[in-house]
Amino acid sequence: MEIDKLRAFVDLSKTLSFSKTAQNLYTNQSTVSKKIKSLEKELGTNLFNRTNKHVELSYYGKMILSDAAKIVELEDSILDQTNNYNAQKRITINLGILPTFSNYPIFKKIMRYQSSHPNINIVFHELETNQLSPLLDEDKLDIVFLRSINTHFSQYDECLVQKEEFKACLSSSHPLAKNNKIQIQDLKNENRKLQ
Numbered sequence: 001m002e003i004d005k006l007r008a009f010v011d012l013s014k015t016l017s018f019s020k021t022a023q024n025l026y027t028n029q030s031t032v033s034k035k036i037k038s039l040e041k042e043l044g045t046n047l048f049n050r051t052n053k054h055v056e057l058s059y060y061g062k063m064i065l066s067d068a069a070k071i072v073e074l075e076d077s078i079l080d081q082t083n084n085y086n087a088q089k090r091i092t093i094n095l096g097i098l099p100t101f102s103n104y105p106i107f108k109k110i111m112r113y114q115s116s117h118p119n120i121n122i123v124f125h126e127l128e129t130n131q132l133s134p135l136l137d138e139d140k141l142d143i144v145f146l147r148s149i150n151t152h153f154s155q156y157d158e159c160l161v162q163k164e165e166f167k168a169c170l171s172s173s174h175p176l177a178k179n180n181k182i183q184i185q186d187l188k189n190e191n192r193k194l195q
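Residue numbers (UniProt numbering): 1 to 195.
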């Protein structure tokens with residue numbers, strides 16, 4: 001005996017209307033009618049007395065309605081409990097990222113990881129560096145990806161994910177122009193733009 005047939009029977013016993021039951025079960029009248037006929041055939045008796053304009057429960061339909069309703073109620077309860085359990089198992093990870101994050105290879109790796117782990121929901125919060133720090137302090141972000149030149153996050157543990165190489169464009173008259181290599185710290189007092 002299929003539960004969807006019992007569900008159609010229980011709903012039809014309340015509405016006494018094939019069209020209303022079809023709406024309630026997000027299906028059509030023909031499907032409801034087939035389910036009821038199939039259940040009646042399986043049980044070997046009519047569950048409803050039908051006329052052209054009227055539907056009512058038969059004597060046998062009234063007899064089994066309470067038990068059928070309990071079965072449907074139990075299935076609903078099992079589904080609710082299962083959904084609640086699965087929702088609790090689902091983990092959300094809030095990632096703080098800079099606007100350019102999607103250009104980095106790690107972004108594609110995170111997306112692949114999420115695809116292969118449906119119980120993990122990764123939420124990206126794309127913000128500027130100065131907006132990420134307070135959210136991390138308030139535990140609204142779990143992980144933050146940023147450039148290591150930042151000092152806002154010195155109290156947190158960090159791990160190098162990727163090294164970047166920058167080119168410095170300087171006027172030939174600039175004091176640092178004669179150096180083959182310069183450190184980022186050498187630019188701390190300069191008016192600079194990173195791209």
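Cβ coordinates follow ideal geometry from the N, Cα and C atoms, glycine included. Please read all numbers here as calculations on a predicted model, not as lab measurements.
Can you tell me whether residue i is buried or exposed, with buried defined as 16 or more other CB within 10 angstroms of its CB?
{"i": "residue 177", "result": "exposed"}
{"i": "residue 8", "result": "buried"}
{"i": "residue 11", "result": "buried"}
{"i": "residue 184", "result": "exposed"}
{"i": "residue 123", "result": "exposed"}
{"i": "residue 36", "result": "buried"}
{"i": "residue 79", "result": "exposed"}
{"i": "residue 16", "result": "exposed"}
{"i": "residue 189", "result": "exposed"}
Tell me whether residue i sits in a helix, a strand or coil according to DSSP, three-state version.
{"i": "residue 269", "result": "Only positions 1 to 195 of the chain appear in this structure, which leaves residue 269 out of reach."}
{"i": "residue 112", "result": "helix"}
{"i": "residue 44", "result": "coil"}
{"i": "residue 161", "result": "coil"}
{"i": "residue 57", "result": "strand"}
{"i": "residue 19", "result": "helix"}
{"i": "residue 65", "result": "helix"}
{"i": "residue 191", "result": "coil"}
{"i": "residue 49", "result": "strand"}
Alpha carbon to alpha carbon, how far is residue j from residue i? Give it in angstroms, no decimals.
{"i": "residue 2", "j": "residue 43", "result": "12 Å"}
{"i": "residue 31", "j": "residue 22", "result": "8 Å"}
{"i": "residue 47", "j": "residue 86", "result": "37 Å"}
{"i": "residue 195", "j": "residue 4", "result": "Confidence is the limiting factor: at residue 195 the pLDDT is only 49, short of 50, which leaves the residue's position unreliable, though a coordinate-based value still follows. So the two alpha carbons sit approximately 60 Å from each other."}
{"i": "residue 56", "j": "residue 65", "result": "12 Å"}
{"i": "residue 101", "j": "residue 172", "result": "33 Å"}
Short of 6 Å in beta carbon distance, which residues of its chain neighbour residue i, apart from the five on each side in sequence? Order them along the chain.
{"i": "residue 24", "result": "11"}
Give the DSSP bridge partners of residue i, in chain order.
{"i": "residue 94", "result": "123"}
Please work out which residues of its chain come closer than 7 Å, Cβ to Cβ, to residue i, disregarding the five sequence neighbours upstream and downstream, and give them in chain order.
{"i": "residue 170", "result": "176 and 177"}
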